[in-house]
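In the order they appear, the protein sequences are chains A and B. Quick note: the first sequence uses numbering that gives the first Met the number 0, first residue 0, plus one each step. Quick note: the second sequence uses numbering that gives the first Met the number 0, first residue 0, plus one each step. Backbone N, C-alpha and C define an ideal beta-carbon position, used for all residues, glycine too. What you are looking at is a predicted structure, and each value in this text was computed from that prediction instead of being measured.
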Amino acid sequence: MKTMKTLLDPCCGRCTHTPETPCRDYVRCQTEGPLCHDDPACRMERERLLRELKTEVGSQKQAVLFCTGTGCASSGSNKLIEIMDAEIKKAGLDVSVSTRPTGCHGFCEQGPIVIIEPAKTFYTRVKAEDIPEIVAKDLVGGERVEHLLYVDPTTGQAATTYANAPFYAKQHRIVLHNCGHINPERIEDYFAQDGYRGFAHALQDMKPDEVIEEVKRSGLRGRGGAGFPTGLKWGLCRQSAGDKKYIICNADEGDPGAFMDRSVLEGDPHSVLEGMMIAAYAIGADEGYIYCRAEYPLAIKRLEIAIKQAEEVGLLGDNILASGFNFRIYIKAGAGAFVCGEETALIASIEGKRGMPKVRPPFPAQQGLWGKPTNNNNVETYSNVPHIFRHGADWYAGFGTEKSKGTKIFALTGKVNNTGLVEVPMGMSLREIIFDIGGGILGGKKFKAVQIGGPSGGCLPESLLDLPVDYDTLVQAGAMVGSGGLVVLDETTCMVDIARYFLNFTQKESCGKCTPCREGTKRMLEILVRITNGEGKEEDIETLEKLAGVVKSTSLCGLGQTAPNPVLATLKYFRHEYEAHIRDKQCPAHACSALLTYTIDEEKCKKCGLCAKNCPVKCITGDKNTPYRIDASACIKCGTCMEKCKFGAVVRA
Amino acid sequence: MEWLTLTIDGRTVSVPKGTTVLQACRMNNIPIPTLCHDPELTATGSCRLCIVDIEGMRNLPPSCVTQATQGMVVRTQTEKVRDARKTILELLVANHPLDCMTCQKMGSCDLAKYAYEYQVTGEAFAGGERRHLPIDDSNPFILRDPNKCILCGKCIRACEEVQGRGVLDFSHRGFNTQVGPAFDLPYAESECVFCGSCVSVCPVGALTEKQMAGQGRPWEVKKVQTTCPFCGTGCNFDLNVKDGKVIGVTSNPEAPVNGRALCVKGRFGMDMIHSPNRLTTPLIKKDGEFVEASWDEALSLVAEKLGEIKAQYGADSIAALSSARCTNEENYLMQKFMRAVIGSNNVDHCART
Ligand SMILES: Cc1cc2nc3c(=O)[nH]c(=O)nc-3n(C[C@H](O)[C@H](O)[C@H](O)COP(=O)(O)O)c2cc1C
Ligand code: SF4
Ligand code: SF4
Ligand code: SF4
Ligand code: SF4
Ligand code: SF4
Ligand code: SF4
Ligand code: FES
Numbered sequence: 000m001k002t003m004k005t006l007l008d009p010c011c012g013r014c015t016h017t018p019e020t021p022c023r024d025y026v027r028c029q030t031e032g033p034l035c036h037d038d039p040a041c042r043m044e045r046e047r048l049l050r051e052l053k054t055e056v057g058s059q060k061q062a063v064l065f066c067t068g069t070g071c072a073s074s075g076s077n078k079l080i081e082i083m084d085a086e087i088k089k090a091g092l093d094v095s096v097s098t099r100p101t102g103c104h105g106f107c108e109q110g111p112i113v114i115i116e117p118a119k120t121f122y123t124r125v126k127a128e129d130i131p132e133i134v135a136k137d138l139v140g141g142e143r144v145e146h147l148l149y150v151d152p153t154t155g156q157a158a159t160t161y162a163n164a165p166f167y168a169k170q171h172r173i174v175l176h177n178c179g180h181i182n183p184e185r186i187e188d189y190f191a192q193d194g195y196r197g198f199a200h201a202l203q204d205m206k207p208d209e210v211i212e213e214v215k216r217s218g219l220r221g222r223g224g225a226g227f228p229t230g231l232k233w234g235l236c237r238q239s240a241g242d243k244k245y246i247i248c249n250a251d252e253g254d255p256g257a258f259m260d261r262s263v264l265e266g267d268p269h270s271v272l273e274g275m276m277i278a279a280y281a282i283g284a285d286e287g288y289i290y291c292r293a294e295y296p297l298a299i300k301r302l303e304i305a306i307k308q309a310e311e312v313g314l315l316g317d318n319i320l321a322s323g324f325n326f327r328i329y330i331k332a333g334a335g336a337f338v339c340g341e342e343t344a345l346i347a348s349i350e351g352k353r354g355m356p357k358v359r360p361p362f363p364a365q366q367g368l369w370g371k372p373t374n375n376n377n378v379e380t381y382s383n384v385p386h387i388f389r390h391g392a393d394w395y396a397g398f399g400t401e402k403s404k405g406t407k408i409f410a411l412t413g414k415v416n417n418t419g420l421v422e423v424p425m426g427m428s429l430r431e432i433i434f435d436i437g438g439g440i441l442g443g444k445k446f447k448a449v450q451i452g453g454p455s456g457g458c459l460p461e462s463l464l465d466l467p468v469d470y471d472t473l474v475q476a477g478a479m480v481g482s483g484g485l486v487v488l489d490e491t492t493c494m495v496d497i498a499r500y501f502l503n504f505t506q507k508e509s510c511g512k513c514t515p516c517r518e519g520t521k522r523m524l525e526i527l528v529r530i531t532n533g534e535g536k537e538e539d540i541e542t543l544e545k546l547a548g549v550v551k552s553t554s555l556c557g558l559g560q561t562a563p564n565p566v567l568a569t570l571k572y573f574r575h576e577y578e579a580h581i582r583d584k585q586c587p588a589h590a591c592s593a594l595l596t597y598t599i600d601e602e603k604c605k606k607c608g609l610c611a612k613n614c615p616v617k618c619i620t621g622d623k624n625t626p627y628r629i630d631a632s633a634c635i636k637c638g639t640c641m642e643k644c645k646f647g648a649v650v651r652a
Numbered sequence: 000m001e002w003l004t005l006t007i008d009g010r011t012v013s014v015p016k017g018t019t020v021l022q023a024c025r026m027n028n029i030p031i032p033t034l035c036h037d038p039e040l041t042a043t044g045s046c047r048l049c050i051v052d053i054e055g056m057r058n059l060p061p062s063c064v065t066q067a068t069q070g071m072v073v074r075t076q077t078e079k080v081r082d083a084r085k086t087i088l089e090l091l092v093a094n095h096p097l098d099c100m101t102c103q104k105m106g107s108c109d110l111a112k113y114a115y116e117y118q119v120t121g122e123a124f125a126g127g128e129r130r131h132l133p134i135d136d137s138n139p140f141i142l143r144d145p146n147k148c149i150l151c152g153k154c155i156r157a158c159e160e161v162q163g164r165g166v167l168d169f170s171h172r173g174f175n176t177q178v179g180p181a182f183d184l185p186y187a188e189s190e191c192v193f194c195g196s197c198v199s200v201c202p203v204g205a206l207t208e209k210q211m212a213g214q215g216r217p218w219e220v221k222k223v224q225t226t227c228p229f230c231g232t233g234c235n236f237d238l239n240v241k242d243g244k245v246i247g248v249t250s251n252p253e254a255p256v257n258g259r260a261l262c263v264k265g266r267f268g269m270d271m272i273h274s275p276n277r278l279t280t281p282l283i284k285k286d287g288e289f290v291e292a293s294w295d296e297a298l299s300l301v302a303e304k305l306g307e308i309k310a311q312y313g314a315d316s317i318a319a320l321s322s323a324r325c326t327n328e329e330n331y332l333m334q335k336f337m338r339a340v341i342g343s344n345n346v347d348h349c350a351r352t
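Okay, structure coming up:
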């Protein structure tokens, strides 16, 4: 009998499915087939292929998984696959071991990451020269290569599998479930993980209104920033009159430091397509756009592959699964303006206009792309949806808090031991995320604050570390979930400088349309620059607060309405730092170089002269008989003298 | 028509459904400052000066793009609203050359008007960065000073929606945002046809009529409504007359045919009135030289010659070509004259060829 090469091949001549003659059971048939005829041979073939795709515990075959997300790929993971393939061949293991490129694990700082399945062995920072050792010791010998295992920086313990690395142990990966495990360029890998089952179920067993009801019941809220209830949004678009409607997936991801959408697109693109397909069916749309920033070439490539594969098996196109439902998806590459992530600007950009926000109402659900009712959701929002339809709204609503359901991916960065993408149930405390998953503060320093929600968010102090992370609690505290940026700041970070950093970003990215945002953020930034330069004036705080109020309450779009948040939050929780800069001309974190002074403590100074020798501007004078002194007017505050002095005699204030 | 009742500053007013809060205020003589709003252009709600306080709304919504609803409670002069408007004006002025003394717009400048009303002195944010962009002096008609531009976007919309040219748009981002032709080209090198629609809507001195620079202040000028002599369209506009001299043209939104739209000839061609080269009497060539003549003399000569030609060669030897500058009525008279008086069907018109 003829064997199937891939899961996508018909098991025998009795399979009739093609995009032109669709079979309504096609999706279920992938994992449970054959369904239209009963033939043990066909079943065995399918099961064999499924086992290979899933490499479950007990499987005889091993798979070596290489992360090929943007992070690991840039540290050479694609080359590693080639070397591994050659080594496997050399060792004669090619029947029992296969390699698999995957998407991102979210732990990019440890990359390139290599996983051995089914044992779940987790190797980090793998280099080309480690490959022969992995083959000899692990694949042949069945032993772990100890020096490649991940070691927890706080406990010093090595994690034997990814599941027991502290970084992963407390996470709950729903959206990221497939990322790092399946080959994102093969639709059959997605099928093997019950892919498109949610869509098939919605399409065939539910009416559009029931689909919307189900999303409402799940409690899913938009992951693009504002947390608008997704089911409600779909319902509004469905109710809008008109027979032409559009679906948009917002993959513009412009927040500095955020890369969860990129990871999902690179690691599990079909989950996004499936979410869009369910939305399109619910709303009555027949065309969809993915607006993806051009800086994400790998995401665009994987989306293109995924769309093509979905078309080839008849999941996109006409008469999908013999249901009469038609849907097509196009990709639009955005040119990288942050404001194009705002939905009305995004729509203008797809239409070929300058990406500038428009007044709402009319909302896109009423008049969106080309004036037609349009539903726009974020990448992560869409990729939650298939899970709701695979496992049910009640299952989904079991995660999270009363008003914020499910999980959220955060991009954990800054002064924390483990940085990367973490997916946790809504409502987890900041402390758990930063200290348990993040492994605490880098270098044993003291925690100072955490900036949540990117440039629209705010800084929260230590006293709020036990705050549950959900939409409403964070807004109340003066921050926001936003796209999920979490920047951890330690005692060496100046809070005025942080506010300046974020405002500098929003100020530059303002589209310039409305006066308060265009002119107001500029003046706020000028004040912050002045303060950090030690030229702050007594009335500056008051002026900042007044401007912040006007910019927030009168700006046209979300960019301006949230731009003052980092300033307001730092003023709320760290006002004393502003006052120290302005009144005492001091930066409590010793971060603002304009406010530092270096002096030499004559008691401690042993007159070794090392500082004077190393000072780049030669502003330290002294010798064996005269005390060493720094000429403050010439000092450029580089800190070299302090670094070099062995006796701690150089004092910074 | 469905009517809505709302409360504005404590007054109960009724307006038809579909009215914006700004329209509702204006219908009831409640003043609201606006810079980017224009009843003839798409509302963009971008200057944010028209903000008001509406009960139940989180922020201060711009009245020009907020629909009035039944039972809405609007306050237009609360301290918060006035303070925010003042701050917005201060922000505009902080990035604006205070050249009012020499600015052609002084006297009809909306920014200056509101700055006065809200007592904005230009002291707030003093010392901050300002634009220093080159002035576009590339053409004889429109003087563009981008440093005075408040980025209201009205010129963009006028060019796109009234003139159908789409020459202008925003460029750059944030504080560096500008308005102008593509690639920051000067007007002369762009696709501009110098209709001046953009000038007619500019609320400040960023776009002004070059010919009028230094010629007269709005309060010194008498506006004389007239019909354009250049073509038969019949556009109306106001001649700006100072000391008995026409210094330029401004369009008049009330003009029945054209509103504020004009073409380059109508808006910028009226300097011909005082041209020394202008013919003020008919000329008759005598002995190879043109000599001034009276209308009676000239008309008699024409009648006499036409009569002679008709007698000698027949009516068919005479044809008349009329001008697009004439009105329909004048053209009608011309063909009637040819057919009934001369007896010829040889009539034609320059716009037909
Ligand atoms: C300045 C600005 C930038 C934004 N950038 C993004 C973005 O990069 N990705 C995104 O999904 N939403 C972004 N949004 C939010 C979108 O406007 C929109 O609310 C969101 O895509 C809706 O999807 P959701 O309901 O699934 O959250 C941005 C909003 C603003 C105001
Ligand atoms: S708030 Fe800022 S980004 Fe938004 S429309 Fe106004 S100027 Fe543009
Ligand atoms: S801080 Fe740098 S410049 Fe200043 S005294 Fe020390 S070494 Fe010299
Ligand atoms: S545009 Fe108005 S405010 Fe500006 S200089 Fe001219 S008159 Fe003064
Ligand atoms: S003069 Fe007319 S064509 Fe030229 S930019 Fe202004 S509106 Fe457009
Ligand atoms: S040139 Fe005048 S009309 Fe055009 S945007 Fe600037 S201020 Fe507005
Ligand atoms: S010449 Fe121009 S302005 Fe004058 S009537 Fe004709 S179209 Fe109007
Ligand atoms: S007039 Fe309403 S925003 Fe400008």
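Asked	Found
Rounded Cβ spacing between alanine 157/B and cysteine 191/B (contact assumed at less than 8 Å)	The Cβ separation is near 12 Å, so there is no contact.
CA-to-CA distance, phenylalanine 166/A to proline 152/A, given in whole angstroms	11 Å
Contained beta strand (DSSP E) runs [length at least 3] in the region 154-180 of chain B, N- to C-terminal order	167-170, 177-180
Proline 15/B versus methionine 0/B: straight-line alpha-carbon distance, rounded	7 Å
Span of the beta strand (DSSP E), counted from its first residue to its last, around asparagine 375/A	373-377
Classification of serine 632/A by the beta-carbon crowding that lies within 10 angstroms, buried from 16 upward	exposed
Alpha carbon of valine 405/B to alpha carbon of leucine 300/B, nearest angstrom	Any question about residue 405/B goes unanswered here, given that chain B covers just 0 to 352.
Glutamine 69/B: first and last residue of the uninterrupted beta strand (DSSP E) it sits in	Note, glutamine 69/B: premise wrong, no beta strand (DSSP E); not H, not E.
Nearest residue (CA-CA) to glutamate 31/A, options Cys107/A, Pro21/A, Arg47/A	Arg47/A
Boundaries (first-last residue) of the alpha helix (DSSP H) holding alanine 201/A	196-204
In DSSP terms, what phenylalanine 236/B is bridged to	Thr225/B
Terminal residues of the alpha helix (DSSP H) in which phenylalanine 398/A lies	From DSSP, phenylalanine 398/A is part of no alpha helix (DSSP H); its letter is neither H nor E.
Cysteine 46/B: contacting residues in chain A (beta-carbon distance under 8 Å)	Cys513, Thr514
Top-ranked residue by Cα proximity to cysteine 510/A, from Pro9/A, Leu555/A, Pro454/A, Thr54/A	Leu555/A
contact_flag[the region 439-457 of chain A, the region 498-518 of chain A] where n(CB pairs < 8 Å) is 3 or more	yes
Cα-Cα separation, lysine 222/B to glutamate 253/B	13 Å
Three-way DSSP call (helix, strand, coil) for arginine 172/A in this model	coil
Distance between threonine 225/B and glycine 231/B (C-alpha atoms, nearest Å)	13 Å
Given glycine 12/A as reference, the closest of Tyr25/A, His36/A, Lys571/A once Cα atoms are compared	His36/A
Span separating the alpha-carbon of glycine 9/B from that of arginine 74/B	8 Å
Cβ-heavy atom distance, alanine 111/B to ligand 4, below 7 Å	yes
At least 3 beta-carbon pairs within less than 8 Å: the region 306-319 of chain B vs the region 181-190 of chain B	no
Shell residues, 5 Å Cβ cut-off relative to heavy atoms of ligand 7	Cys227/B, Phe229/B, Cys230/B, Thr232/B, Cys234/B, Leu261/B, Cys262/B, Lys264/B, Gly265/B
Simplified DSSP assignment, three categories, for arginine 74/B	strand
Any chain A beta carbon closer than 8 Å to asparagine 330/B	no
Distance, cysteine 24/B Cα to tryptophan 394/A Cα	52 Å
Cutoff 7 Å; reference arginine 657/A; Cβ partners in own chain excluding five residues on either side	Residue 657/A lies beyond the range of chain A shown here (0 to 652); nothing can be said about it.
Simplified DSSP state of asparagine 532/A, which is helix, strand or coil	coil
Inter-residue Cα distance where the pair is glutamate 108/A and glycine 419/A	7 Å
Nearest-angstrom Cβ-Cβ length linking leucine 595/A and lysine 584/A, presumed shorter than 8 Å	The pair is not a contact, with the Cβ atoms about 10 Å apart (cut-off 8 Å).
Contact under 8 Å by Cβ, alanine 298/A with leucine 272/A	no
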